[in-house]
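As structure tokens, the structure follows; a few thoughts come after it.
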Amino acid sequence: MSTVSRGFRGRRRPTAELPPGQYLVEDFPVLSAGPTPSIELEDWELTITSETDEQRRWDWAAFRALPSEPVTVDLHCVTHWSKLGTTWEGVSLDTLLDGLDTSASFALVTSYGGYTTNLPLEDLTDGKAWIAFRYDGQELEPEHGGPARLLVPHLYLWKSAKWVRGIRLLDQDEPGFWESLGYHNYGDPWQEQRFWGD
Amino acid sequence: MTSSDLWSDGNALAGPFHDVFCVEVTTAIGRCTNCGREGPMAEARVFDHAPGVVARCPGCGQVLARLVRGPGRAWLDLRGLAYLQLPVPEQP
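Those protein sequence lines, which keep their order, are chains H and P.
Mapped onto this note's numbering, the consecutive letters of the first sequence carry residue numbers 10 to 207.
Mapped onto this note's numbering, the consecutive letters of the second sequence carry residue numbers 51 to 142.
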């Protein structure tokens with residue numbers, strides 16, 4: 010009796026790993042609500058501003074001098090695709106927020122190009138969010154948000170703002186670009202929170 | 051700012067807007083609230099590889115219109131337009 014090889018099929022993941030309504034992709038689709046900004050590293054900056062206007066600011070050199078960590082996460086886009094096991098390098102928001110005196114409950118993330126997105130501050134802390142500057146071993150391409158983007162993989166990908174420029178900490182929630190026009194304010198893919206009322 | 055390859059011309063607005071309003075939006079004339087540019091919506095830069103459709107002014111890049119489609123619902127934002135002149139049939 011001979012053994013018939015079925016061939017190498019790579020690592021297959023059961024669809025049970027996907028949130029409801031999602032399908033698996035192997036490429037990395039590019040979605041954008043506007044043109045890709047051209048950001049020179051010498052002009053780049055990241056700010057975090059508290060509800061009392063206390064501000065922290067990093068230029069690129071200062072940001073890259075911060076401790077960073079490798080991150081392997083699954084991505085879930087509200088347009089129904091998911092990409093599993095993506096590898097990034099980034100600075101944890103815990104590092105950026107460490108010691109900042111704040112009682113804010115919300116954050117509004119702003120990007121080069123004018124994009125905004127909002128989320129509860131607690132979703133940025135405790136190892137749940139990063140400012141990522143490397144993807145798949147390479148410097149982050151501009152079309153994917155380079156030089157640096159927010160990475161909040163437990164929420165739909167529109168929350169992981171490309172070309173991040175600042176984070177404002179707020180006492181009152183303020184809906185962002187998509188959240189103000191029908192998309193869910195929180196966006197948990199496992200609860201399929203795509204639109205208002207979901 | 052530089053443009054990416056992700057945008058289409060304003061004719062990409064025809065389908066989504068017709069589905070919602072039954073109007074031909076590409077021949078409508080709009081005025082940008084930011085730079086004051088006036089022109090047919092067909093000249094807008096449309097970003098539709100996105101969770102919604104975003105039409106931007108070809109002059110200054112400001113968002114002129116946004117349209118989001120959900121199951122059985124649609125949301126429209128026209129805050130970037132001072133006006134929108136729509137072609138309609140002559141009244142008898």
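In this text, a Cβ means the ideal position worked out from N, Cα and C, and glycines have one as well.
As the structure is a prediction and not an experimental result, all values here were calculated from the model.
On the premise that residue 96 of chain P lies in contact with residue 57 of chain P, defined as a C-beta separation below 8 angstroms, what is that separation, rounded to the nearest angstrom?
-> 6 angstroms
Residue burial classification, residue 29 of chain H (beta-carbon count within 10 angstroms, cutoff 16) | Counting Cβ neighbours within 10 Å, residue 29 of chain H comes out exposed, since fewer than 16 surround it.
Closest by CA to residue 121 of chain H, which one among H:158, H:103, H:62?
-> H:158
Applying the criterion that 16 or more other CB atoms from any shown protein chain within 10 Å of the CB defines a buried residue, is residue 19 of chain H buried or exposed?
-> Only weak support exists for where residue 19 of chain H lies, its pLDDT of 43 falling under 50; the value from the coordinates is given anyway. Under this definition residue 19 of chain H is an exposed residue.
Residue 62 of chain P: buried (16+ other C-beta within 10 angstroms of its C-beta) or exposed?
-> buried
Apply the 10 Å Cβ neighbour rule to residue 137 of chain P and answer buried if 16 or more other Cβ atoms are within range, or exposed otherwise.
-> exposed
Between which two residues does the beta strand (DSSP E) containing residue 115 of chain P stretch?
-> 113-120
In this structure, does DSSP put residue 103 of chain H in helix, strand or coil?
-> Helix at residue 103 of chain H.
Is residue 92 of chain H helix, strand or coil when you go by DSSP?
-> Residue 92 of chain H falls in the strand class under three-state DSSP.
Straight-line CA distance for residue 149 of chain H to residue 187 of chain H?
-> 24 angstroms
Locate the alpha helix (DSSP H) running through residue 100 of chain P, then write down its first and last residues.
-> Counting along the chain, residue 100 of chain P falls outside any alpha helix (DSSP H), and DSSP gives it neither H nor E.
Could you tell me which chain P residues have their CB closer than 8 angstroms to the CB of residue 167 of chain H, listed as they occur along the chain?
-> 101
Name, please, each residue of chain P whose Cβ falls closer than 8 angstroms to the Cβ of residue 195 of chain H.
-> None at all; the shortest Cβ gap to chain P is about 15 angstroms.
Using a beta-carbon distance below 8 angstroms, is residue 71 of chain P in contact with chain H?
-> no
Might you give, ordered along the chain, the residues of its own chain that have their beta carbon closer than 8 angstroms to the beta carbon of residue 10 of chain H, omitting 5 neighbours on each side?
-> Bear in mind that the predicted position of residue 10 of chain H carries a pLDDT of just 39, short of 50, making it unreliable; the figure below should be weighed with that in mind. Excluding residues within five positions, none has a Cβ falling inside 8 angstroms.
Do residue 90 of chain H and residue 34 of chain H come within 8 angstroms of each other at the CB atom, strictly closer than that value?
-> yes
Give the DSSP bridge partners of residue 127 of chain H, in chain order.
-> H:117
Quick one: any contact between the stretch 97-109 of chain H and the stretch 38-52 of chain H, if contact means 3 or more CB pairs under 8 angstroms?
-> no
May I ask you to list, following chain order, the residues of the stretch 107-128 of chain P that have a beta carbon less than 9 angstroms from some beta carbon of chain H?
-> 111, 112, 113, 116, 117, 118, 119, 120, 121, 123, 124, 125, 126, 127
7 angstroms Cβ cut-off: residues of chain H touching residue 56 of chain P | 39, 41
Mind pulling the chain H residues with CB within less than 7 angstroms of residue 96 of chain P?
-> What residue 96 of chain P touches in chain H: nothing, since even the nearest Cβ is about 11 angstroms away.
Using a Cβ-Cβ distance under 8 angstroms, would residue 12 of chain H count as near chain P?
-> Here residue 12 of chain H scores only 41 on pLDDT, less than 50, and its place in the model should not be relied on; the value that follows carries that caveat. Taking CB atoms only, residue 12 of chain H has no neighbour in chain P less than 8 angstroms away.
Which residues in the same chain as residue 160 of chain H place their Cβ atom closer than 8 angstroms to its Cβ, once the five residues preceding and following it in sequence are excluded?
-> Its chain contains 80, 82, 97, 99, 138, 139, 140, 141, 169 as the residues whose beta carbon lies nearer than 8 angstroms to that of residue 160 of chain H, once the 5 sequence neighbours on both sides are disregarded; these appear in chain order.
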